[in-house]
Amino acid sequence: MSLSRRITSSVAAAALALPTVAVAVPAAATPPISFVDRGWPGQSSGQPFGGQSYGGQYGATYGRTASIDATDATTEQSVGIVQISTVVDFDAGEAAGTGIVLDATADGGGALVVTNHHVVEGATNIEVTDPVTGETATAEVLGFDAVKDVAVLRVDSTSLSAVDTDTAGVDVGDAVVAVGDAGGDGGSLTAAAGTVTALRQRIDVTEDDGSVATLRRLIEVDSDIIPGDSGGALLAADGDVVGMNVAASSGSIGIDGYVIPMRRVLTVVDAVLAGDAGGTVTLGYSAFLGVGLSTSGGAATIGNVVAGSPAADAGLAAGDTVTALDGTAVTSPARLRRLVRRHQPGEQVDVTWRDTAGTSHSATVGLDRAPVA
1 MSLSRRITSS VAAAALALPT VAVAVPAAAT PPISFVDRGW PGQSSGQPFG
51 GQSYGGQYGA TYGRTASIDA TDATTEQSVG IVQISTVVDF DAGEAAGTGI
101 VLDATADGGG ALVVTNHHVV EGATNIEVTD PVTGETATAE VLGFDAVKDV
151 AVLRVDSTSL SAVDTDTAGV DVGDAVVAVG DAGGDGGSLT AAAGTVTALR
201 QRIDVTEDDG SVATLRRLIE VDSDIIPGDS GGALLAADGD VVGMNVAASS
251 GSIGIDGYVI PMRRVLTVVD AVLAGDAGGT VTLGYSAFLG VGLSTSGGAA
301 TIGNVVAGSP AADAGLAAGD TVTALDGTAV TSPARLRRLV RRHQPGEQVD
351 VTWRDTAGTS HSATVGLDRA PVA
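First residue of the sequence shown? That's 1 in full-length UniProt numbering, and the numbers climb one at a time after it.
If you want it as structure tokens, here you go:
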């Protein structure tokens with residue numbers, strides 16, 4: 001049955017907060033390009049914890065006005081494709097997307113799932129749902145490459161089914177189907193048929209903070225890829241996964257989808273599993289003190305504290321200023337972040353701070369796990 005979905009700028013569906021973006025080609029009549037997942041709009045606290053620039057997953061709106069035609073994905077097309085939902089920045093927002101199961105029982109430690117980095121960026125809690133069985137399980141990030149926009153997850157489940165992948169590549173004119181959780185609503189998956197229209201494409205994506213992320217060597221398709229589809233699969237005619245959905249143009253006509261080739265995805269997976277943190281690959285989670293730093297002034301003044309965190313239990317509060325960590329003077333927010341990054345989550349540090357009355361305090365604080373960078 002054909003589905004027709006009309007998305008407007010006022011719709012607040014799952015994962016619809018998108019940055020403004022532009023294609024790295026002459027501006028003639030080319031519509032802008034957007035990541036196809038960025039979080040739920042309107043739920044940002046406006047003050048990401050730790051001053052770590054973990055924001056950007058929420059707070060914008062999605063301006064597409066094109067009618068989207070897709071079909072319900074068949075059972076065969078849905079095998080190995082999962083829905084991903086995240087809590088962002090300690091309940092500051094939520095996001096949703098799609099993932100691909102590469103290995104159902106990787107080393108006996110649960111399923112191995114790959115998705116876009118921007119789907120899980122800023123996440124402090126990740127859940128993965130099998131749309132076929134309805135089973136939901138928690139997941140952790142093993143590592144990611146923000147430049148290639150690929151993240152590798154370990155899911156606490158042994159009942160998921162894996163996809164078949166094809167790294168031989170595709171040709172222009174090949175028939176393909178983009179499968180994902182279109183709309184991010186957690187319902188049944190959708191399948192958008194199309195063809196490959198170009199190869200080795202480059203797009204420049206302008207982030208919320210004005211920085212530009214460049215994605216290279218992408219497959220361009222005319223399949224309707226929309227928010228919620230990020231991290232989903234591009235299927236070849238034989239059903240094998242040849243790529244991972246990542247971005248789409250916006251506008252009323254001529255919508256193009258962009259897909260990371262599976263060979264490029266798997267290079268990141270191999271690096272993460274090998275523990276190779278060189279180049280643009282980051283492994284696991286960074287340490288986090290559990291406080292958000294004020295953006296005003298030069299000192300490491302606390303803007304907010306994560307409720308229930310060791311920092312909160314130690315008595316740190318908004319308005320306090322951190323003056324030392326493990327005996328090393330803290331003179332700025334950047335200095336505090338550098339000192340914290342020398343540690344691993346779970347380690348303990350000695351924190352010295354000055355409260356709003358000018359009284360100095362010290363305590364041993366356990367470090368939390370930071371939101372996904």
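In this text, a Cβ means the ideal position worked out from N, Cα and C, and glycines have one as well. In this text, all values refer to a predicted model and were calculated from it rather than measured experimentally.
Pick from R217, Q201, A247, L336 that is closest to S223, judged by C-alpha positions: Closest option to S223, judged by alpha-carbon separation, among R217, Q201, A247, L336: A247.
Proximity test, Cβ basis, 8 angstroms: D256 and chain C: Among the protein chains of the structure shown there is no chain C, as only one such chain exists.
Exposure of V212, with buried meaning 16 or more beta-carbon neighbours within 10 Å: That one is exposed.
Sub-8 angstroms separation of G184 and P227 beta-carbons: Taking 8 angstroms as the Cβ cut-off, G184 and P227 qualify as a contacting pair.
Rounded separation between A22 and V147 - CA only: Unreliable positioning characterises A22 in this predicted model, as indicated by a pLDDT of 26, which lies under 50. A coordinate reading is not provided.
Contacting residues, own chain, Cβ-Cβ under 6 angstroms from L142 (five flanking each side not counted): Here the set comprises V152, R154, V272.
Touch test, the segment 167-184 against the segment 234-245, Cβ-Cβ under 8 angstroms, three pairs minimum: Touching, yes.
Where the alpha helix (DSSP H) through H117 begins and ends: Per DSSP, H117 is one residue of the alpha helix (DSSP H) stretching across 117-120.
Helix, strand or coil at G358 according to DSSP, with G and I counted as helix: Here G358 sits in coil by DSSP.
C-alpha distance - L316 paired with E140, whole-angstrom precision: About 28 angstroms.
Candidates S294, P131, G290: closest to D313 by CA position: Of S294, P131, G290, the residue nearest in Cα terms is G290.
Stretch pair the segment 159-170 + the segment 96-105: three plus CB contacts closer than 8 angstroms: The segment 159-170, when compared against the segment 96-105, does touch it at the 8 angstroms Cβ threshold.
Extent of the continuous beta strand (DSSP E) run through P261: Run containing P261: 257-261, per the beta strand (DSSP E) assignment.
Cutoff 6 angstroms; reference A192; Cβ partners in own chain excluding five residues on either side: Contacts found: A70, A178, S223, D224.
Beta bridge counterpart(s) of V113 as assigned by DSSP: According to DSSP, V113 bridges with V101, L153.
Contact set for P345: own chain, Cβ-Cβ below 8 angstroms, skip 5 residues either direction: For P345, where only same-chain residues beyond five positions count, the Cβ hits under 8 angstroms are Y285, S286, A287, F288, L367, D368, R369, A370.
Host alpha helix (DSSP H) of D229 (start-end): In the DSSP assignment, D229 falls outside any alpha helix (DSSP H) and carries neither an H nor an E.
D149 to G319 span [Cα, whole Å]: Between D149 and G319, the alpha-carbon positions lie close to 36 angstroms from each other.
Residue span of the alpha helix (DSSP H) that contains V306, given as start and end: Taken as a continuous stretch (DSSP letters only), V306 belongs to no alpha helix (DSSP H), as it is neither H nor E.
First through last residue of the alpha helix (DSSP H) which encompasses R341: Note, R341: alpha helix (DSSP H), 333-341.
Own chain partners of D350 with C-beta closer than 6 angstroms, once the 5 adjacent residues on each side are dropped: These residues qualify, in order along the chain: D326, T364.
CA nearest to the CA of A236, picked from S249, D229, I219: Ranking S249, D229, I219 by Cα distance to A236 puts I219 first.
CA nearest to the CA of V330, picked from Q348, A299, N304, H343: Closest option to V330, Cα to Cα, is A299.
Endpoints, the beta strand (DSSP E) within which E220 is located: Taken as a continuous stretch (DSSP letters only), the beta strand (DSSP E) holding E220 covers 212-221.
Reduced DSSP secondary structure (H/G/I, E/B, other) of S241: Reading off the sequence shown, one finds Val at residue 241, where the question assumed Ser. Judged by DSSP in its simplified three-state form, V241 adopts strand.
Span separating the alpha-carbon of D181 from that of T301: Using only the alpha carbons, I get a separation of about 41 angstroms.
Among S296, T197, D145, the one whose alpha carbon lies nearest that of T214: Among S296, T197, D145, the Cα nearest to that of T214 belongs to D145.
G292 versus N304 - alpha carbon distance: Roughly 5 angstroms between the two C-alpha positions.
Assigned exposure category for A309 - 16 Cβ within 10 Å defines buried: Per the sequence shown, the amino acid found at residue 309 is Ser instead of Ala. So S309 ends up on the buried side.
Beta-carbon spacing of A95, V113 below 8 angstroms: Going by C-beta atoms, A95 is not nearer than 8 angstroms to V113.
Beta-carbon spacing of T197, V170 below 8 angstroms: In this structure, V170 does not lie closer than 8 angstroms to T197 by Cβ.
Collapsed DSSP secondary structure at Q201 in the structure displayed: Here Q201 sits in strand by DSSP.
Anticipated Cβ contact below 8 angstroms, D89 with G122, distance rounded: Contact check for D89 and G122: beta-carbon distance about 5 angstroms, within the 8 angstroms limit, so the pair qualifies.
From G97, A137, V132, residue whose alpha carbon lies closest to that of A111: Looking at the Cα atoms, A137 is the closest of the given residues.
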